[in-house]
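Sequential numbering from 5 applies to the sequence shown in the numbering used here.
Note that CB positions come from ideal geometry on N, CA and C, so glycine has one too.
Values in this document were obtained by computation on a predicted structure and should not be read as measured data.
Contents: one structure, followed by commentary.
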Amino acid sequence: MATIGILINHYDARNDIRDLVAEIAQSHRVVLLSKENNINHPLPVGVELRPLVSAYPYKRKFWTRLFSWFGKLPRSRENYYINELFKLGRLSPTQQTFGKIKLNLQMWMPRFMSINQLLPIVSQCDATDISDIDSFLLITEFSDIPMLARICDSGKPAWAYLYSWDHPCKHTVLTDRLTGYLVWNQKLAKDMEELQGISQNKCKIIGATQLCPIVDYLASSTMLPGQGRLEGSPYFYFGCGTGYAPLSRREIRLVAELADLLKKEFPEHLLLVRPYPMFNDDSALAEIKSKSNVRIDDEFRSFQVGRSLRSVDIHKRLDLQRGSACFIHVGTTMGYEAAFLGCPVVFINLIADSNTGGADDTESLATFARQYHVQRYLVGNYPSSANNLSEAMDALKTAVSSPDKLISYNNYVSSKTPLLTMTELTKDILGQLLQK
Numbered sequence: 005m006a007t008i009g010i011l012i013n014h015y016d017a018r019n020d021i022r023d024l025v026a027e028i029a030q031s032h033r034v035v036l037l038s039k040e041n042n043i044n045h046p047l048p049v050g051v052e053l054r055p056l057v058s059a060y061p062y063k064r065k066f067w068t069r070l071f072s073w074f075g076k077l078p079r080s081r082e083n084y085y086i087n088e089l090f091k092l093g094r095l096s097p098t099q100q101t102f103g104k105i106k107l108n109l110q111m112w113m114p115r116f117m118s119i120n121q122l123l124p125i126v127s128q129c130d131a132t133d134i135s136d137i138d139s140f141l142l143i144t145e146f147s148d149i150p151m152l153a154r155i156c157d158s159g160k161p162a163w164a165y166l167y168s169w170d171h172p173c174k175h176t177v178l179t180d181r182l183t184g185y186l187v188w189n190q191k192l193a194k195d196m197e198e199l200q201g202i203s204q205n206k207c208k209i210i211g212a213t214q215l216c217p218i219v220d221y222l223a224s225s226t227m228l229p230g231q232g233r234l235e236g237s238p239y240f241y242f243g244c245g246t247g248y249a250p251l252s253r254r255e256i257r258l259v260a261e262l263a264d265l266l267k268k269e270f271p272e273h274l275l276l277v278r279p280y281p282m283f284n285d286d287s288a289l290a291e292i293k294s295k296s297n298v299r300i301d302d303e304f305r306s307f308q309v310g311r312s313l314r315s316v317d318i319h320k321r322l323d324l325q326r327g328s329a330c331f332i333h334v335g336t337t338m339g340y341e342a343a344f345l346g347c348p349v350v351f352i353n354l355i356a357d358s359n360t361g362g363a364d365d366t367e368s369l370a371t372f373a374r375q376y377h378v379q380r381y382l383v384g385n386y387p388s389s390a391n392n393l394s395e396a397m398d399a400l401k402t403a404v405s406s407p408d409k410l411i412s413y414n415n416y417v418s419s420k421t422p423l424l425t426m427t428e429l430t431k432d433i434l435g436q437l438l439q440k
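See the structure below:
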């Protein structure tokens, strides 16, 4: 039995990562390496939580802050900027104002310092005991740079699991000093090379933990694509994509416009809208709640703990997606997942739509659509990849009259990533971690 150290950041919020840890713990001793008070969820049997021990705090603070100003960015600089902008949405208005000033200054700074230059400098800034660990699994985003440095210096197998399809285009601390990276698909491996300068040869394709619940769902669901009913009526399902308040409000206005168009064209259909989990502006939602053909899918919030959902609520959401006449979105992971469910999917690519705030407006839906991963993985020469509401309405008419004509887009999106059970995926991960 090996001892596997897992450097982890969002354990409480990610159901799939908790399932992965539990699977690994069935056959090996697991040590979770995380910042103190970062994990509150109960741990599986055989899992130890080992809080990171900081050392030389002033040195740590100085160099990590210096790196935030001068550290090299991925080649997708704009995507990094958009992501940092979204993070500011969680702050107070005053903090957002100063945060934007700081971010814009940072973008003008010369970015000459690589992560490989920083790691040796801060490797002494962690004093956690890792002598008993045989191999390491790091899950992006990396929670602690000094611990990352010590893992790289350990001489032990150290693989990073690239948790999300947007991580190569926005992270600044991905290093080729690790043994390798476990990625969703070959296109993500290519992203690592083109955006981060990390060779595709260091990437191993294993699939995505985020897609594992779909395997369980499809094995047990009796719902047929497009056959769901809401209050006895067929329905379209819109999944909101952002919790950044300025963008969320514009997305809600888009939904309101869509609802009016749908009411005229499909008076017998309802529009079910799932707000972004971290967006709680009832005043913004009021605009669509008042529409007779709109229903809000927010029951999950009653059972949500932080950012974590119950498995039953995930399955319910998948059921609603699969049963809808069409799942509609402007660039979300839910839209990526929907491609595996057999229901029509329409992606509204608003990259050139001035009505969403303008292509140069950093708080517009055009900016949201301009994200690197959205354009790379969701845009295709298919009716389901619509460039505006008018094209989206044409696709929705097809979804109702001839849904099979839209499934080629689903195949285009879903064929990139293998769909595996968590047990199968864990076996592949352990095969890399324990390879002699």
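Which of the three DSSP states is assigned to residue i in this structure?
i      : result
VAL187 : strand
TRP169 : coil
HIS319 : helix
CYS216 : helix
LYS208 : strand
ILE355 : coil
ALA363 : Its pLDDT being 44, under 50, ALA363 is placed unreliably by the model, and the measurement read from it follows with that caveat. Note: ALA363 maps to coil in three-state DSSP.
ARG54  : strand
CYS156 : helix
ALA343 : coil
PHE116 : coil
SER96  : coil
VAL349 : strand
ARG314 : coil
VAL35  : strand
GLY75  : strand
Looking only at its own chain, which residues have a Cβ that is under 8 Å from the Cβ of residue i, when we skip the five neighbours before and after it?
i      : result
GLY184 : TRP163, ALA164, LYS206, CYS207, LYS208, GLN436
LEU410 : CYS330, PRO348, VAL349, VAL350, TYR386, PRO387, SER388, ALA399, THR402, ALA403
ILE105 : none
Got a sec? Which residues, its chain only, sit under 7 Å from residue i by beta carbon, not counting five neighbours each side?
i      : result
THR430 : LEU24, GLU27, ILE28
VAL51  : VAL25, ALA29, VAL34, LEU36
TYR83  : The residue asked about is misnamed: residue 83 is Asn in this sequence, not Tyr. Contacts found: CYS173, LYS174, GLN375, TYR376.
ILE134 : GLY9, ARG154, SER158
ASN189 : ILE209, LYS420, THR421
GLY362 : Low per-residue confidence applies at GLY362: pLDDT is 47, beneath 50, and the placement is therefore not dependable, though the value from the model is reported in the following sentence. Counting only Cβ-Cβ distances below 7 Å, and skipping sequence neighbours, we find SER368, ALA370.
What's the gap between the Cα of residue i and the Cα of residue j?
i      : j      : result
SER38  : MET151 : 10 Å
PRO444 : GLY75  : Absent from the structure is residue 444, since the part of the chain shown begins at 5 and ends at 440.
ILE143 : TYR381 : 22 Å
THR7   : PRO161 : 12 Å
LEU89  : ILE318 : 28 Å
ALA373 : SER388 : 15 Å
LEU109 : PHE102 : 11 Å
GLU291 : VAL383 : 29 Å
LEU95  : SER406 : 45 Å
PRO97  : PRO279 : 22 Å
LEU313 : PHE304 : 7 Å
MET113 : ARG254 : 31 Å
ALA131 : PRO55  : 11 Å
MET111 : THR337 : 27 Å
GLY247 : GLU341 : 19 Å
ILE137 : GLY201 : 29 Å
PRO281 : ALA390 : 25 Å
ARG233 : TRP169 : 32 Å
Between which two residues does the alpha helix (DSSP H) carrying residue i extend?
i      : result
GLU269 : 249-269
ARG81  : 81-92
ILE21  : 19-29
THR7   : Element bounds for THR7: not the alpha helix (DSSP H) but the beta strand (DSSP E), 7-11.
SER287 : 286-293
LEU393 : 393-405
VAL378 : 376-382
ILE411 : 411-418
GLU428 : 426-437
LEU369 : 369-373
Output needed for residue i: all residues of its chain with C-beta closer than 6 Å, excluding positions within five of it in sequence on either side, in chain order.
i      : result
ALA329 : GLY230, PRO238, PHE240, ALA403, VAL404
THR213 : ASP20, LEU24
PHE242 : VAL259, VAL277, ILE332
SER80  : CYS173, LEU199, TYR376
LEU92  : GLN100, GLY103
LYS267 : ASN297
MET426 : ASP23, GLU27, CYS216
TYR221 : HIS319, LEU322
PHE146 : LEU152, VAL177
The beta strand (DSSP E) with residue i in it runs from where to where?
i      : result
PHE2   : Given that the chain is displayed from residue 5 to residue 440, the structure contains no residue 2 and the question cannot be resolved.
SER139 : 139-143
For residue i, which residues does DSSP report across the bridge?
i      : result
VAL298 : LEU275
CYS330 : PHE240
ASP130 : SER58
SER135 : Paired residues: none, contrary to the question.
ALA390 : ILE352
TRP163 : LEU141, GLY184
Is residue i close to the ligand GTP? I mean its beta-carbon at under 6 Å from any heavy atom of the ligand.
i      : result
GLN110 : With respect to the ligand GTP, the structure offers nothing, as it holds no ligand at all.
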